[in-house]
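*Asks:* Right, I'll just put the structure down here and ask away after.
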Amino acid sequence: MLQADLHAHTYFSDGTFSPEELAEYAVKMELQAVALTDHDSIEGWPRMEQACAKLGIRFVPGSELTSQWRSKEIHLLAYYPDPTHQEFRESLLKFQDARTQRIHAMTGKLQELGIPLSFEQVAEVANCNSPGRPHVARALVEHGFCRNMDDAFKKYLKKDRPAWAPKFRIKADEAIRLIHRAGGVAVLAHPGLLNQDSVVHEILELGLDGVECDHSRHSEMERRKYRQIAEGKGLLVTGGSDCHGRNKGEPLLGKVTVPMEWVDRVENLAQSRKKSLLDTNSPEQITT
Ligand code: AMP
Ligand code: FE
Ligand code: FE
Ligand code: ZN
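The sequence shown: position 55 = 60 (the numbering used here), numbered continuously.
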């Protein structure tokens, strides 16, 4: 059966693969389509689009937006947002600026703790517009301050540790409306990782289009449960591996897949949304 993986990251956020490596790995896993869903970024799209075209597979453009609902961090997958939409572009820049400020805050805290890791050393490791804690962790390891990434998170970067800094996030309902205004499809990523279904149910009422029911970290029981919930609400069902490359051993890409018809449904919804936006935004025809 023809399959797609609708959740993957590259080194344009916290993955290790380049877009070309991601596309090649998708072919190796015999996927027909792969989505690029870097955190708060679409920087990798042009190269991913080109790599997929060259290899004859379908590219699904996406991004995983950081949002918040009731103090929980909610990841929202935006599929097919218009990359030229001004408000969407400005929002991504705002996310990226906040992420950069956050790296300054974390390296500042590390320096206060006597660890002379500079912002520039993290920026060199991150080398993208959407830096995050994994880049700080990798820089701590590369410069000999920690044994490994896990050590870096446990000692300094986890929420209750001394170099943690809060992350900028917009409210989930705002994020959904933003995705819609940009002609995209809004999908709740990995609801199982929230560990609180009451929050999931609230988010489902905010105008979402779909739910990522199948995910590497969802058990078979959770997948069934979320599929039932999504279908009951008439929402799209999606799935993906959330591959971050070779960060943690064997790449996950292709380990969670969905049929191509599900991808068609997502793309069709995005297309009809763009069409109706165009209809409502175009000036009224003047009849004489
Ligand atoms: P951020 O978005 O900057 O807060 O970073 C979140 C990222 O850190 C997620 O992609 C996680 O996979 C990663 N992460 C969280 N805990 C750890 C850990 N102990 N070791 C490695 N990566 C981690
Ligand atoms: Fe990530
Ligand atoms: Fe996520
Ligand atoms: Zn992800």
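Every residue gets a Cβ at the ideal spot worked out from N, C-alpha and C, and that includes glycine.
#1: Could you please give me the residues that DSSP links to Ser123 through a beta bridge?
#2: Do you know offhand how far Leu240's Cα is from Trp50's?
#3: Alpha carbon to alpha carbon, how far is Gln55 from Val65?
#4: Just list the residues that DSSP pairs Ile79 with in beta bridges.
#5: Tell me whether Phe64 sits in a helix, a strand or coil according to DSSP, three-state version.
#6: Run the proximity test for Ala194: is its beta-carbon closer than 7 angstroms to any non-hydrogen atom belonging to ligand 4?
#7: What ranges does the alpha helix (DSSP H) occupy inside the region 7-49, keeping only unbroken runs of at least 4 residues that lie completely in it?
#8: Compute every distance between the C-beta of Arg247 and the non-hydrogen atoms of ligand 4, then say whether any falls below 7 angstroms.
#9: What does the Cβ neighbour count give for Ala58, buried or exposed, with the cut at 16 atoms within 10 Å?
#10: What separation, rounded to the nearest whole angstrom, lies between the Cα atoms of Asp294 and Arg107?
#11: Tell me whether the region 171-183 and the region 204-211 touch, counting them as touching only if at least three CB pairs, one residue from each stretch, are closer than 8 angstroms.
#12: Beta-carbon within less than 7 angstroms of Ala168's beta-carbon, same chain only, minus the 5 sequence neighbours each way: which residues are those?
#13: Can you tell me where the beta strand (DSSP E) with Val242 in it begins and where it stops?
#14: Note down the Cα distance separating Leu7 from Phe124, rounded to an integer number of angstroms.
#15: Just how far apart, CA to CA, sit Ala275 and Tyr84?
#16: May I ask you to report which of helix, strand or coil DSSP gives Pro264?
#17: To which residues of the same chain is Leu283 closer than 7 angstroms at the C-beta, ignoring the five residues directly before and after it?
#18: Spell out the partners DSSP gives Gly215 in its beta bridges.
*Replies:* Inspection of the coordinates gives the following:
#1: Listed as beta-bridge partners of Ser123 by DSSP are no residues whatsoever.
#2: Distance between Leu240 and Trp50, taken at the CA atoms: about 26 angstroms.
#3: Taking C-alpha positions only, Gln55 is separated from Val65 by approximately 12 angstroms.
#4: In the DSSP output, where bridge partners are listed per residue, Ile79 has Ser72.
#5: Phe64 sits in a strand when the DSSP states are folded into three classes.
#6: For Ala194, the CB falls within less than 7 angstroms of some heavy atom of ligand 4.
#7: Listed in chain order, they are 24-33.
#8: For the record, residue 247 in the displayed sequence is Asp; it is not Arg. Flag set: Cβ of Asp247 near ligand 4.
#9: The residue is exposed, with fewer than 16 neighbouring Cβ atoms inside 10 Å.
#10: This structure does not reach residue 294, given that the chain is present from 6 up to 293, and the question cannot be answered.
#11: Contact between the region 171-183 and the region 204-211 is present: 3 or more CB-CB pairs across the two stretches fall below 8 angstroms.
#12: Contacts found: Met111, Lys114, Leu115, Leu118, Tyr161, Leu162.
#13: For Val242, the uninterrupted beta strand (DSSP E) run begins and ends at 241-245, by DSSP.
#14: Rounded to the nearest angstrom, the two C-alpha atoms are 44 angstroms apart.
#15: Taking the straight line from one Cα to the other gives about 8 angstroms.
#16: In the structure shown, Pro264 sits in a strand (DSSP, three-state: E or B).
#17: Non-local beta-carbon contacts of Leu283 in its own chain, meaning distances under 7 angstroms to residues more than five positions away in sequence, are absent.
#18: Answer is Val192, Leu241.
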